[in-house]
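Take the sequence shown: its letters are residues 8 to 314, numbered as in my numbering.
Where is the CB? At the ideal position from N, CA and C, for every residue including glycine.
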Amino acid sequence: MSETTAAPAVTPVEPGPDSGPDAGRTLWGDVRHELVRNPIFWFSAVLVVIIVLMAFFPQIFASTSPTESGACQLENARVKPTASHPFGYTVAGCDMWASLVWGTSKSVLVAILATAGVVIIGVVAGTVSGWYGGLTDSIVSRITDVFFGLPFILGAIVFLAIFPKRNLWTISAVLIVLSWTTITRVMRGSVIATKQRDYVDAARALGAGDLFIIRKHILANSIAPVIVLATIYVGTFISVEATLTFLGVGYQRPTVSWGLLVNEGQTQALAGFWHLLVYPCGFIVITVLAFILLGDVLRDALDPRTR
8 MSETTAAPAV
18 TPVEPGPDSG
28 PDAGRTLWGD
38 VRHELVRNPI
48 FWFSAVLVVI
58 IVLMAFFPQI
68 FASTSPTESG
78 ACQLENARVK
88 PTASHPFGYT
98 VAGCDMWASL
108 VWGTSKSVLV
118 AILATAGVVI
128 IGVVAGTVSG
138 WYGGLTDSIV
148 SRITDVFFGL
158 PFILGAIVFL
168 AIFPKRNLWT
178 ISAVLIVLSW
188 TTITRVMRGS
198 VIATKQRDYV
208 DAARALGAGD
218 LFIIRKHILA
228 NSIAPVIVLA
238 TIYVGTFISV
248 EATLTFLGVG
258 YQRPTVSWGL
268 LVNEGQTQAL
278 AGFWHLLVYP
288 CGFIVITVLA
298 FILLGDVLRD
308 ALDPRTR
């Protein structure tokens, strides 16, 4: 009689916390996963793409620039919206839609350029201050405190009044000088928290230099808050440029910008020409809202505590 050997019982294995479809996904993989599932991200991203296309390729949306010879006719000045021209005409007799489209570049490009400058200065200063500490941190922090003490709008008015001609570069430079401090503080705190992690100590133990650790570990793991702030800064700078131009220290004619259109339409709206003020303000509000919504979505996606 043959004996049958019983098969050993198999104990079911419980799935561990690192198993499943999300296992092994990196931080940026998690961020991408959260963003593609969020309808607010797609809404704000589509708006931002359209606005950026208007800024860099306005001829796609309006073939004729209002600054071209013959584009504006005085007999059309302040003509209200009609079926053929739903946006009406400006005070100078230019097509309002074309003025809004071609004015996008001046308003958005100054915001993008200023944001880029603020991010570069803030990331460099914050990283140096947070990584090296000591005297370096004290010097950078005191300089930051001095610039924090400058009132933003008043300082911008004073600085811009110095320039006889105000253009993209001068306005951007003033915004950068008055705005780099917040990102510096945020980056400094993020670097201080990151440099205490175990993988930084391990890199030091393996003999890695400061520049390698900063490039490989510190920046990659400290830049997330700056990305969120940068998107919000773009929207903020658009409204700031419009405010400064409205106050008379921003762009000047013959330049076309949203702030100039608001400035020209403020008194005309009371006379019944509502489109001269409503349309430029509407473009500014929608653009600022798009960038702020995008920043909020990025903040939620980059913060694991919200998930």
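CA-to-CA distance, residue j to residue i, given in whole angstroms
i: His224; j: Ile190; result: 19 Å
i: Phe159; j: Phe253; result: 16 Å
i: Arg260; j: Thr111; result: 15 Å
i: Val304; j: Gly242; result: 14 Å
i: Trp49; j: Gln275; result: 37 Å
i: Trp138; j: Cys79; result: 56 Å
i: Val327; j: Asn270; result: The requested residue 327 does not occur in the structure, where the chain is confined to residues 8 to 314.
i: Val86; j: Leu268; result: 15 Å
i: Pro62; j: Val292; result: Just to set this straight, residue 62 is Ala in the shown sequence, not Pro. Cα-Cα distance, rounded: 16 Å.
i: Leu220; j: Ile146; result: In the sequence under discussion, the amino acid at residue 220 is Ile, which differs from the Leu named in the question. In a straight line, the C-alpha of Ile220 is about 23 Å away from that of Ile146.
i: Ile178; j: Ser91; result: 36 Å
i: Thr89; j: Arg222; result: 57 Å
i: Gly124; j: Ile67; result: 28 Å
i: Leu213; j: Ser72; result: 60 Å
i: Gly272; j: Val233; result: 36 Å
i: Val207; j: Thr201; result: 8 Å
i: Arg211; j: Ile299; result: 39 Å
i: Glu41; j: Pro171; result: 48 Å
i: Cys288; j: Asp217; result: 48 Å
i: Tyr96; j: Asn83; result: 6 Å
i: Thr262; j: Ser70; result: 17 Å
i: Val235; j: Ala308; result: 10 Å
i: Ile128; j: Trp176; result: 16 Å
Helix, strand or coil at residue i [DSSP, three-state]
i: Tyr96; result: strand
i: Ile299; result: helix
i: Ser26; result: Reliability fails at Ser26, whose pLDDT of 46 lies under 50, so the model's placement of it is uncertain and the value that follows must be treated cautiously. In this structure, Ser26 counts as coil in the three-state DSSP scheme.
Closest by C-alpha distance to residue i, when choosing among the options
i: Asp144; options: Ala237, Cys79, Val198; result: Val198
i: Leu251; options: Val117, Ile58, Ile57; result: Val117
i: Tyr286; options: Asp307, Ser106, Asn83; result: Ser106
i: Ala278; options: Leu54, Val98, Phe244; result: Val98
i: Thr74; options: Ala90, Lys87, Asp102, Pro93; result: Asp102
i: Ala237; options: Ile67, Leu301, Phe64, Tyr96; result: Leu301
i: Ile230; options: Gln203, Gly289, Val126, Trp281; result: Val126
i: Leu81; options: Ala123, Ser51, Ala215, Gly100; result: Gly100
i: Ala132; options: Ala121, Ile119, Ile150; result: Ile150
i: Trp265; options: Lys113, Asn83, Ile67, Val59; result: Lys113
i: Asp152; options: Ile128, Arg192, Ile58, Asp217; result: Arg192
i: Phe290; options: Val59, Gly257, Arg306, Asn45; result: Val59
i: Gly156; options: Ser70, Arg39, Val235, Val184; result: Val184
i: Ala180; options: Asn45, Ala84, Leu120; result: Leu120
i: Pro93; options: Ser51, Leu283, Ser70; result: Leu283
Per-residue burial, residue i [other beta carbons within 10 Å of its own, 16 or more giving buried]
i: Leu182; result: buried
i: Gly36; result: exposed
i: Val53; result: exposed
i: Ser186; result: buried
i: Arg195; result: buried
i: Thr294; result: buried
i: Ile6; result: Nothing about residue 6 can be reported from this structure: the residues present for the chain run from 8 to 314 only.
i: Ala30; result: Low local confidence applies: a pLDDT of 48 at Ala30 is under 50, so the model's placement there is unreliable, with the coordinate-based value given in what follows. By the 10 Å Cβ count, Ala30 comes out exposed.
i: Arg204; result: exposed
i: Pro65; result: buried
i: Gly255; result: exposed
i: Ile47; result: exposed
i: Leu142; result: exposed
i: Ala209; result: exposed
i: Val56; result: exposed
i: Leu296; result: exposed
i: Trp109; result: buried
i: Ala227; result: exposed
i: Val130; result: buried
Residue-level contact to chain B via CB, residue i, 8 Å cutoff
i: Ser72; result: Looking for chain B here will not work: only one protein chain is present.
Stretch pair the region 144-163 + the region 239-256: three plus CB contacts closer than 8 Å: Taking a cut-off of 8 Å for Cβ pairs, the region 144-163 and the region 239-256 touch, as three or more such pairs fall below it.
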